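S.K.: Please find one structure pasted underneath; my questions will follow.
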Amino acid sequence: MGYLSTMTLAPFIAALIIMLIPSERPGITRAVALVASVISFVLSLVVFAGYNWHQAGFQFREAYQWLPDYGITISLGVDGISAPLIILNAVVLLTGTVVSFKIADRPKEFYALFLVSVAGVFGVFASLDLFILFLAYDIAGLPMYPLIVIWGSTRKNYAALKLTLMHVAGSLFIWVGMIAIYVQAGAKSFDLEYLASQAHSLLTPGFQTIFFPVIFIGFGFLAAMWPLHTWSPDGHGAAPTAVSMVAAGVLMKLGAYGCIRVGVWLLPEGAMVWSPVFVTLGTIGAVYGGVMAIAQRDFKFVIAHSSVSHMGYVIVGISTMSLVGLNGAVLQMVSHGLMTALFFAMIGAMYDQAHTREVGIFGGLARNMPWYTGFFATACLASLGLPGLSGFIPELLIFLGAFQTYPIVGILCVATVALAATYMLRLVARAFFGPLSPRWASLHDLLPNEWFVGAFLVLSLIIVGVYPTPFLDMINASAAPVIERVGGVR
Amino acid sequence: MDYAWLAPVLPISAFALNVLIWRQMGARKHALSALTTLAAIGGAFLVFLAVFSDASAHLEETATSSGRHLIFEGTPWFTVGVSPHLYVFAPTLVVDWLSIMMLGVVTFLAFLIEFYATGYMKGDSRYWWFFSVKALFTAAMLGVVLSYNFLLMYICWELVGLCSFLLIGFWYSERTNAEAAKKAFITTRVGDVGFFIGLALLFLKTRTFDMKETFAAVESGAIDPATVTIAGILIFLGAMGKSGQFPLHVWLPDAMAGPTPVSALVHSATMVAAGVYLVGRAYPIFHASSTTMAVITTVGTITAIFAATIALTQRDIKRILAYSTISQLGYMIMALGVGAYTAGLFHLFTHAFFKALLFLGAGSVIHSMEPVLHGTGRNPNDIFNMGGLRKQMPVTFWTFLIASLSLAGIAPLAGFWSKDAILVGAYEADAWLPLVVALVTAFLTAFYMFRCIYLVFFGPARWQVATSTGDHHDNHSTNHDIGHHAVPHESPWTMALPLVLICVPAIAAGWIGIPGFSEGFAETVRFGPMIEEHINLVLAGAGTLAGVLGIGLATLMYLTPVSGPRLISESFPAVYKTLYNKYYVDEMYQWIIDHVVLAIAAMAATVDRKILNDRIVDWCGPFLQGAGARVRLTTSGYIYHYAFGFIIGIMAIGVVMSGGIPDMRFALW
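Structural data, given as structure tokens:
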């Protein structure tokens with residue numbers, strides 16, 4: 317067993333163990349979940365530390381035969397694009413596990429489903445086999461349905477059904493595209509590297525032009541690409557805290573990751589043809605999400621629409637076909653994952669006490685919740701792109717990339733930064749500043765486990781913001797070959 | 229000289245220390261934070277002194293045709309791209325006379341104002357947080373000053389904005405303060421969007437954020453003139469936001485919601501100076517395009533007179549000073565726009581001192597008025613609630629008077645020399661309209677400052693009237709408890725001492741720029757070769773006359789209480805109301821926000837929910853059900869239906885396999 321397979325299987329095995337624990341022993345359930353997430357987290361750090369930053373190609377490779385007749389191999393490995401996302405997923409797993417300690421309703425089933433979903437996410441990021449990638453992609457997405465329906469709130473049945481159906485609709489596109497690539501490449505292999513090697517031979521330009529949008533739209537569902545984003549506000553709004561953290565923190569990244577790994581990497585000719593279309597959709601998403609966020613009244617809906625806006629940046633960064641933009645897109649995925657995890661952890665902590673998420677009725681919380689205010693405000697500042705926090709550098713790079721190829725898009729994206737300042741500061745000024753109303757005077761500051769989650773994520777935001785160097789070094793080394801295939805580095 | 233980086237690093241370390249360690253120290257955190265911040269800023273001031281004493285020798289040694297500066301390149305922060313398209317982002321610092329000058333101004337004023345704040349903020353429950361943010365602010369500001377890389381400057385620039393947000397909203401329990409903080413950040417952000425786009429346009433051409441290379445590219449003509457002009461105007465937008473230039477000035481008066489030491493340092497002497505400093509720093513870009521220079525001149529000229537007229541009618545002492553600041557910043561921008569580089573930055577230098585002094589004086593007055601008016605429901609900032617304070621507060625009065633005379637441009641105080649330099653600059657550039665506006669503004673400035681002085685320090689003590697006869701509807705017990713024996717008093721020595729100390733440069737800072745006599749400033753802070761300056765007696769006379777006239781008119785109208793001012797405001801109600809309501813610019817923005825921005829957002833939200841969600845997305849389910857219901861009918865159970873479909877299918881396959889319609893006959897028959 318290598319690092320990657322252990323990291324991926326730890327939550328999965330923990331889920332199996334948890335199912336065997338009697339439901340009246342929630343303490344053991346939590347302990348098992350915590351142990352598994354710590355194991356995965358430590359292993360992700362080991363992978364990150366042991367990774368050769370400046371080298372392109374896949375590292376930490378493992379391969380196990382599974383269905384050789386169909387060319388399906390359990391083949392694992394990470395490169396500079398997936399390694400930062402693996403760290404992100406491990407952080408969300410750990411913080412999500414800790415923040416869910418307070419779940420009293422059927423914790424056993426909750427943790428089992430939660431851990432399966434996160435294991436699926438690891439599988440997508442670590443997989444070098446298209447079939448396994450697809451399998452893990454669905455394993456990651458499907459537990460969302462019971463998680464939201466059982467532990468959710470606010471129109472949860474509708475939201476869960478919508479999220480699941482849109483996820484499945486995306487999978488359908490991916491499935492068609494995947495089989496088409498498999499057949500067209502001819503060698504009865506799902507091996508990603510083999511498929512990529514055929515990009516300029518068997519996968520003809522005509523083929524790529526037809527199937528690139530199929531793949532990109534398929535993954536675009538989960539990446540909340542406009543206009544396929546509508547699951548996201550409802551889904552985030554309805555999901556319980558840890559599930560929102562996973563859904564917004566990493567599930568959306570699965571979509572964007574698929575767009576890069578399967579879309580741009582396997583079908584570069586198609587990517588070049590379709591670049592203007594998807595840049596346009598990304599820009600619309602960025603602006604649209606920002607405008608929508610201004611009009612929202614529910615904390616979670618503000619954050620969800622800001623996520624649509626930030627994922628719009630990611631789509632722009634990918635579709636500009638510039639190395640600077642792709643670097644920014646991947647780092648933005650990490651940054652956005654961390655900040656939304658922080659947002660949803662904090663909103664959950666508030667909701668547990670106040671039982672409402674209406675922005676307008678709060679006020680003056682800074683007085684009795686100083687830590688909460690500090691953490692939440694940090695997330696807001698990261699979201700509006702303040703230098704020194706994780707959001708600034710990736711947005712800078714995406715904007716520069718956009719300016720290189722589509723200056724108008726660059727201008728529009730930069731302008732949305734002013735929108736971000738508006739809706740984020742509105743939250744801060746409204747909920748935390750102003751006179752403390754007696755109704756909220758009894759609210760207490762964060763519980764120890766929530767404090768740990770908040771502090772951990774704030775620290776991550778600062779580290780990525782102040783010292784993005786290792787992330788960018790490894791992303792850059794692996795993104796360069798991808799961009800070489802789509803018209804070269806400019 | 230290579231230790232200049234210590235100047236910003238010391239205060240940011242103090243911030244980290246305060247927030248991470250002293251915060252845990254219980255009640256002692258307040259004293260520890262204040263001490264740490266003061267020590268760090270004091271250390272930064274020592275760094276300035278060392279740099280300053282080393283500077284002459286070192287800078288002359290390295291004097292080149294392109295100017296005299298020392299550049300320190302840091303280790304690369306991050307690198308993106310592959311050779312030959314490799315972009316290295318490295319922090320670069322510059323030491324030249326411009327940055328040395330600002331280094332001195334910022335550290336000197338920050339230190340004294342922090343010292344003043346130890347008295348002013350005494351007893352505040354978040355004393356430690358105040359000093360922590362002030363340390364962060366000082367670090368960020370020094371970062372802006374020393375940056376020689378646009379990206380680094382932009383980063384520090386944004387951090388300055390963050391600190392401004394935190395400090396304006398320091399007393400966040402008041403809803404208005406929170407709104408003011410938000411307004412400041414968002415308004416400057418709008419300018420920063422332009423700033424960033426301008427930088428990105430230049431980056432596209434030069435592929436670097438390094439100022440040296442960017443300036444070289446601009447000067448060598450490697451960038452086409454249109455791009456230089458557009459980028460210049462966009463970058464200037466950032467300066468407009470930070471320096472409160474019309475029409476992005478609206479946040480600055482509201483920013484007075486912050487504690488007065490904040491207003492003194494952040495919103496008069498340093499942060500708002502950052503915009504002017506940016507124009508000075510990136511001057512090669514602006515200077516290369518006459519269009520950009522014309523835009524800068526226009527904006528500065530409009531701002532100078534626009535804000536001065538508003539200041540005439542304001543009642544809040546800090547707002548008067550705020551509009552005065554906007555007006556004076558317009559003055560500087562105008563000077564830079566007409567090409568009077570040295571004059572504009574000279575005024576930035578002198579203005580910082582006397583305006584900080586004015587704000588600290590205003591703080592001292594408010595500090596003593598607060599207990600007097602406490603419980604009466606009357607605003608301690610309102611100059612019409614003051615009066616006769618020169619007896620109770622002599623130190624405040626004399627220092628305030630000197631600063632006002634300096635601002636009014638009376639010789640030989642600091643403001644006279646820099647104002648005169650601007651007049652000369654405008655005259656020599658043949659910029660007649662700016663020259664006239666500058667003179668009129670000088671007149672208005674003297675007038676509103678002395679209106680303020682007479683109402684605050686002379687005349688009857690209206691605060692007494694307030695407590696004995698006024699406000700019958702107020703709580704009488706409060707009135708009796710506090711009103712009758714509370715009398716304004718001079719502020720404690722921690723506040724009075726800085727007033728006296730800042731008074732020195734408010735008088736003398738101009739003496740390093742006397743034409744034909746001591747030209748230290750013109751020799752050092754200059755763009756291109758040094759310009760020989762001469763005293764233009766006509767202009768100096770005209771400038772002084774404008775000031776004296778303004779003071780005279782204010783004396784006539786306000787020294788002894790007569791009905792003159794009221795008569796004027798009542799005879800021209802429309803003019804008065806327009807000025808008092810600041811030309812309704814805020815109302816206009818509010819209208820745009822309410823009726824355009826929020827309306828669009830609300831409309832988009834409705835469309836998203838009602839059409840995109842409820843109609844299109846939710847329609848998919850019924851559609852598929854309906855489709856299923858119809859497709860189901862094809863499963864009829866009749867064998868000939870299936871056979872028919874089967875034959876059609878075979879034929880279709882045949883068509884495809886045979887490669888097209890024309891060959892169909894041969895394939896099937």
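Residue numbers (the numbering used here), protein chains in the order written: chain A, 317 to 806; chain B, 229 to 897. C-beta: ideal position from N, C-alpha, C; glycine also. From a predicted model like this one, the values you see are computed outputs, not experimental measurements.
1) Could you pull the start and end residues of the beta strand (DSSP E) that Leu321/B belongs to?
2) Using a Cβ cut-off of 8 Å, pull out every chain A residue sitting near His313/B, in sequence order please.
3) According to DSSP, simplified to helix, strand and coil, what is Glu340/A?
4) Kindly indicate the opening and closing residues of the beta strand (DSSP E) around Tyr676/B.
5) Taking CB distances under 7 Å as the criterion, tell me whether Lys433/B reaches chain A.
6) So, do the stretch 330-347 of chain B and the stretch 382-393 of chain B have three or more beta carbon pairs nearer to each other than 8 Å?
7) Between Ala193/B and the rest of its own chain, which residues show a CB-CB distance below 8 Å, the 5 nearest in sequence each way excluded?
8) Below 9 Å on C-beta distance, what does Gln669/A contact in chain B?
9) Below 7 Å on C-beta distance, what does Leu713/A contact in chain B?
10) From Phe708/A to Gly781/A, what distance separates their C-alpha atoms?
11) Is DSSP giving Ala539/A helix, strand or coil here?
12) In this structure, how does DSSP classify Ala895/B when only helix, strand and coil are distinguished?
13) Whose CA, out of Asp452/B, Leu462/B and Ser392/B, lies closest to the CA of Val418/B?
14) Is there at least one Cβ from chain A nearer than 7 Å to Ala829/B's Cβ?
15) Compile a chain-ordered list of the residues in the stretch 528-561 of chain B whose CB is closer than 9 Å to at least one CB of chain A.
16) At a Cβ threshold of 7 Å, is Glu386/B touching chain A?
17) Output the distance between the C-alpha atoms of Ile533/A and Leu427/B, rounded to the nearest integer angstrom.
18) Is it the case that the stretch 659-669 of chain B contacts the stretch 621-630 of chain B, given that we only count it when at least three CB pairs across the two stretches are under 8 Å?
19) Would you grab the beta carbon distance between Leu654/A and Ser469/A for me? Rounded to a whole angstrom, and I think it's under 8 Å.
20) If I'm right that Tyr427/A touches Val363/A with Cβ under 8 Å, what's the distance once you round it to whole angstroms?
21) Which value, in whole angstroms, describes the spacing of the CA atoms of His762/B and Thr772/B?
22) Is it a yes or a no for the stretch 457-465 of chain A touching the stretch 414-432 of chain A, going by three-plus beta-carbon pairs under 8 Å?
23) Would you list, in chain order, the members of the stretch 394-409 of chain B that have their beta-carbon closer than 8 Å to a beta-carbon of chain A?
24) For the beta strand (DSSP E) that contains Glu378/A, what are its first and last residues?
25) Over the uninterrupted alpha helix (DSSP H) stretch that includes Phe447/A, give me the two end residues.
26) Considering His595/B, what are the terminal residues of the alpha helix (DSSP H) in which it resides?
27) With a threshold of 7 Å between beta carbons, is Val730/A in contact with chain B?
28) Keeping to the same chain, check which residues put their C-beta closer than 6 Å to that of Val805/A; ignore five residues upstream and five downstream.
29) For Phe755/B, which of helix, strand or coil comes out of DSSP?
30) Measure the alpha-carbon distance for Pro487/B versus Ala642/B and round it to whole angstroms.
31) Could you name the residues of the same chain whose beta carbon sits closer than 6 Å to that of Ser592/B, not counting the 5 residues immediately before and after it, in chain order?
32) In the DSSP output, which residue or residues are listed as bridge partners for Tyr315/B?
33) Listed from N- to C-terminal order along the chain, which residues in the stretch 834-853 of chain B have their beta-carbon within a distance smaller than 7 Å of any beta-carbon of chain A?
34) Inspect the CB distances between the stretch 508-521 of chain A and the stretch 591-601 of chain A and report whether three or more fall short of 8 Å.
35) Just to make sure I have the definition right: I need the residues of chain A whose C-beta is within less than 9 Å of the C-beta of Trp819/B. Which are they?
36) Would you decide whether Gln556/B is buried or exposed? Buried here means 16 or more other CB atoms lie within 10 Å of its CB.
M.R.: In terms of the structure at hand:
1) The residue labelled residue 321/B in the question sits at position 93 within the second sequence. Judged by DSSP secondary structure, Leu321/B falls within the beta strand (DSSP E) whose first and last residues are Thr320 to Val323.
2) For this step, residue 313/B is matched to residue 85 along the second sequence. Per Cβ cutoff of 8 Å: Leu639, Val805 and Arg806.
3) Position 24 of the first sequence, counted from the first residue, corresponds to residue 340/A. Of the three classes helix, strand and coil, the one that applies to Glu340/A here is coil, per DSSP.
4) Reading the second sequence from its first residue, position 448 is the one you call residue 676/B. No beta strand (DSSP E) contains Tyr676/B, which is instead part of the alpha helix (DSSP H) from Trp660 to Phe685.
5) For the purposes of this step, residue 433/B is identified with residue 205 of the second sequence, where counting begins at 1. No, because no Cβ of chain A sits closer than 7 Å to the Cβ of Lys433/B.
6) In short, these stretches do not touch, since the Cβ pair count stays below three.
7) Only positions 229 to 897 of chain B appear in this structure, which leaves residue 193/B out of reach.
8) Against the first sequence, residue 669/A aligns to sequence position 353. Going along chain B, no residue has its Cβ under 9 Å from Gln669/A, so there is no contact; the nearest lies around 21 Å.
9) As a first step, residue 713/A is located in the first sequence; it is residue number 397 there, counting from the start. By Cβ distance, chain B contributes Val308.
10) Numbered from its first residue, the first sequence carries residue 708/A at position 392. Numbered from its first residue, the first sequence carries residue 781/A at position 465. Approximately 7 Å, taken between the alpha carbons.
11) On the first sequence, residue 539/A is found 223 positions in, with the first residue counted as 1. In the structure shown, Ala539/A sits in coil (DSSP, three-state: anything other than H, G, I, E or B).
12) Here residue 895/B refers to the residue found at position 667 when the second sequence is read from its first residue. With a pLDDT of 42 at Ala895/B, under the threshold of 50, the modelled position of this residue cannot be trusted; read the value that follows with caution. In this structure, Ala895/B counts as helix in the three-state DSSP scheme.
13) Counting from one through the second sequence, the residue named residue 418/B turns up at place 190. Checking every option, the nearest Cα to that of Val418/B belongs to Leu462/B.
14) The residue you call residue 829/B lines up with position 601 of the second sequence. Chain A places a beta carbon closer than 7 Å to that of Ala829/B, counting this residue as a contact.
15) none
16) As a first step, residue 386/B must be located in the second sequence, where it is residue number 158. Output row for Glu386/B: interface = yes.
17) On the first sequence, residue 533/A is found 217 positions in, with the first residue counted as 1. On the second sequence, residue 427/B is found 199 positions in, with the first residue counted as 1. Approximately 34 Å between the Cα atoms of the pair.
18) no
19) On the first sequence, position 338 is the one that residue 654/A refers to. On the first sequence, position 153 is the one that residue 469/A refers to. Not confirmed; about 24 Å, so no contact.
20) Counting from 1 along the first sequence, the entry for residue 427/A is found at position 111. Counting from 1 along the first sequence, the entry for residue 363/A is found at position 47. At roughly 24 Å, the Cβ-Cβ gap does not stay under 8 Å, so Tyr427/A and Val363/A are not in contact.
21) Along the second sequence, read from residue 1 onward, the residue named residue 762/B stands at position 534. Along the second sequence, read from residue 1 onward, the residue named residue 772/B stands at position 544. Each residue's Cα considered, the two are about 17 Å apart.
22) With the cut-off at 8 Å, the stretch 457-465 of chain A and the stretch 414-432 of chain A touch.
23) Gly397, Tyr400, Ser401, Glu402, Arg403, Asn405, Ala406, Glu407 and Ala409
24) Counted from its first residue, the first sequence places residue 378/A at position 62. Per DSSP, Glu378/A belongs to the beta strand (DSSP E) from Gln375 to Leu383.
25) Position 131 of the first sequence, counted from the first residue, corresponds to residue 447/A. Per DSSP, the unbroken alpha helix (DSSP H) holding Phe447/A starts and ends at Leu446 to Gly457.
26) The count along the second sequence starts at 1 and reaches residue 595/B at position 367. Note, His595/B: alpha helix (DSSP H), Tyr569 to Leu601.
27) Taking the first sequence and counting its residues from 1, the one referred to as residue 730/A is at position 414. Yes - at least one Cβ of chain B is within 7 Å of the one on Val730/A.
28) The residue given as residue 805/A occupies position 489 in the first sequence. The answer, listed in chain order, is Leu639 and Ile799.
29) Here residue 755/B refers to the residue found at position 527 when the second sequence is read from its first residue. Reduced to three states, the DSSP call for Phe755/B is coil.
30) To locate residue 487/B, count along the second sequence from 1; it is residue 259. To locate residue 642/B, count along the second sequence from 1; it is residue 414. Taking the straight line from one Cα to the other gives about 27 Å.
31) By 1-based counting over the second sequence, the position of residue 592/B is 364. So the list reads Thr624, Ser719 and Met723, once near-sequence residues are dropped.
32) Indexing the second sequence from 1 puts residue 315/B at position 87. Paired residues: Val308/B.
33) Those residues of the stretch 834-853 of chain B that come within reach of chain A (Cβ to Cβ, closer than 7 Å) are Asp836, Leu840, Asn841 and Val845.
34) no
35) The residue you call residue 819/B lines up with position 591 of the second sequence. Chain A residues near Trp819/B: none, gap ~16 Å exceeds 9 Å.
36) Position 328 of the second sequence, counting from 1, holds the residue named residue 556/B. By the 10 Å Cβ count, Gln556/B comes out buried.
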